[in-house]
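These notes concern the structure reproduced below.
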Amino acid sequence: MMMGLLALLLLLAFASLQLFCFADDDNNDDDVVFYESFEESFEGRWIVSNKDDYKGLWKHSKSEGHEDYGLLVSEKARKYAIVKVVDEPVSLKDGTTVLQFETRLQSGIECGGAYIKFLRPQEAGWKPEEFDNKSPYSIMFGPDKCGTTNKVHFIFKHKNPKNGEYVEHHLKYPPSVPSDKLTHVYTATLKLDKEVKIMIDGEEKKKANFLAAEDFDPPLIPAKTIPDPDDKKPEDWDDKEKIPDPNAVKPDDWDEDAPMEIEDEEAVKPEGWLDDEPEEIDDPEATKPEDWDDEEDGVWEPPKMYNPKCAIAPGCGEWKRPMKSNPAYKGKWSPPLIDNPNYKGVWKAREIPNPNYFELDKPDFEPIAAIGIEIWTMQEGILFDNILIAKNEKVAKSYRETKWKPKFEVEKERQQAEEEASGLDFLASIKRKMFNALYQIADIPFLSNYKPQILDHIKKAEKQPNLTMGVLVSTVAIILTIFLKLIFGGKNQQCPRIETKPVPVVAETSDDQGSDGEKVEKGEKNEAAAAARRRRRET
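Oh and the sequence shown: position 530 is 517 in our numbering, straight run, nothing missing.
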């Protein structure tokens, strides 16, 4: 009896375990909203844009060194656009949503993007063949590198409920793009608690709150007040903090006509100076060309050459005393500046309530209706693979473990073997670690104002191996200098200004407007393309 009861309990436990496992598997299947492995050809399933600008040829190709297929950017210096309409729009409002894909920069990258656009529902009558940079999206996510741009974009467009305009919001201080040619997996996890998490190769690189003003530019929630556009500065408003002292008088001994430099009266002509020898003489071996016609070509004169006698003498020709700084030089006199007694401060327009202000408990995302890749790149060899939209972080992790990680490990081993074979293993390893560390340092938020300068030095070091150590040292010196200034610089000291392109606020009144943020990057790619053409002409 006892044995029968025990057997029954074991049977029930086994059945419960089976039910639990099957239920878990079913949930996993339901959690995969969209998945593209590119094991089969994309033709007929993905639609290539027929717009004139997009001449780049997409190919169904194996990843180098693998049997795994992907979607390949096959030509350099081209624009590419391809789109896949999902069966049903994917809501971004119901719980967690994970956006994940792999990309491999097989030829490296100097100027190009490898990001994906998750399109919102388009206007009635829109056709996938018409996909271009003006097709509105909900989220744009992925790596981009060109000029001073080196970041993993996360941009979302959100509709202002007050005026109906769509505004483009950029993640502040995004992570940098890995600088190697290995396969990397990019993951963006949107959570119900207003949080987004960015991961590269399964490692968290950035976490942000959609409603936090310090995390997105411009902030999702507008300012409550704005400067009154109709408010004008009064004509009698004096905003000059300093003025020339009206009582100052130029000193009697101030000579404005004194030259900046004068002859050095103490200078002595060097011994052996050849006063009568010219620095250049006629080339004695030159002969008049046989076809030279004095009437048509003028009187023939032999070309000049450096006088060999001057090479062994201190100098030739007329000797003149060198110039030196004039101790009496003061330049043009100007009165000193004093505090302006009428100074009223910097004028600012009065603040008024913002008519477009609104409040939200969480973002009101548009659903994902299609997945598009629209890029302009100067390098070929960009491979996209394993595009996933899931409702469960564990599902995304399992795809990374089973789809991405095995390829990545093989590529790392192959890279290490190649370095060992070339005898560069130690040096290359050290350099790679240093570059990775510097890129991570450049991502630190408080260095954001200096990021373009730091990235510029890192790029120079990557492109010029013979200068690597020198450039790396200077880069570290810049970072340390900035760090010390921030710590010990004092409250009244201003940070050095570095010119950066501001991220514009993009307000769409209709879906035919493109993204100004993308136009900025397109401009950088234009400059890079022009430089590449110049280099080809020079060679």
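Here a beta-carbon is modelled for each residue, glycine too, at the ideal position from N, C-alpha and C.
Computed from a predicted structure; not experimentally measured.
Alpha-carbon spacing of residue 378 relative to residue 81, whole angstroms: 9 Å
Through-space distance from residue 33 to residue -6, alpha-carbon basis: With a pLDDT of 48 at residue -6, under the threshold of 50, the modelled position of this residue cannot be trusted, and the question is left open.
On the criterion of 16 or more Cβ atoms from any shown chain inside 10 Å, does residue 102 qualify as buried, or is it exposed? buried
Can you check DSSP and say which residues form a bridge with residue 248? 312
Where does residue 479 land, buried or exposed, given buried means 16+ other C-beta within 10 angstroms? With a pLDDT of only 43 at residue 479, under 50, the local geometry of the prediction cannot be trusted, and no value is derived from it.
Which of helix, strand or coil does DSSP assign to residue 188? coil
For residue 70 and residue 356, what's the separation of their Cα atoms in angstroms? 10 Å
Would you report the Cα separation of residue 155 and residue 23, rounded to the nearest angstrom? 27 Å
Residue 197 and residue 181 closer than 8 Å at C-beta: yes
Which whole-angstrom value is the C-beta distance of residue 96 and residue 366, which I expect to be below 8 Å? 5 Å
Quick one: is residue 373 buried, meaning 16 or more other Cβ sit within 10 Å of its Cβ, or exposed? buried
Nearest-angstrom Cα separation, counted from residue 332 out to residue 219: The alpha-carbon atoms of residue 219 and residue 332 are separated by roughly 15 Å.
Burial state of residue 292 (16 or more Cβ within 10 Å): exposed
Of the residues 245, 75, 337 and 177, which one's Cα is nearest the Cα of residue 215? Minimum Cα distance to residue 215 is reached at 337.
Return yes when the Cβ of residue 213 is within less than 8 Å of the Cβ of residue 341, no when it is not. Closer than 8 Å, so yes.
Limits of the alpha helix (DSSP H) - the one that residue 383 falls within: 380 to 386
8 Å CB neighbourhood of residue 1 in its chain, flanking five on each side removed: Here residue 1 scores only 47 on pLDDT, less than 50, and its place in the model is too uncertain to base an answer on.
For my contact list, residue 100 and residue 364 are in at a C-beta cut-off of 8 Å; report their separation, rounded to the angstrom. Beta-carbon to beta-carbon, residue 100 and residue 364 are separated by about 6 Å, close enough to satisfy the 8 Å threshold.
When you compare only the Cα positions, how much space is there between residue 246 and residue 309? 15 Å
Identify whether residue 3 lies in helix, strand or coil by the three-state DSSP scheme. In this predicted model, residue 3 has a pLDDT of only 46, less than 50, meaning its place in the structure is not dependable enough to derive any value.
Which of the three DSSP states, helix, strand or coil, is assigned to residue 174? strand
Is the beta carbon of residue 89 less than 8 Å from the beta carbon of residue 172? yes
Mind the definition here: the segment 124 to 132 touches the segment 390 to 397 only if three or more C-beta pairs lie below 8 Å; say whether that holds. no
Classify residue 164 as helix, strand or coil using the three-state DSSP reduction. coil
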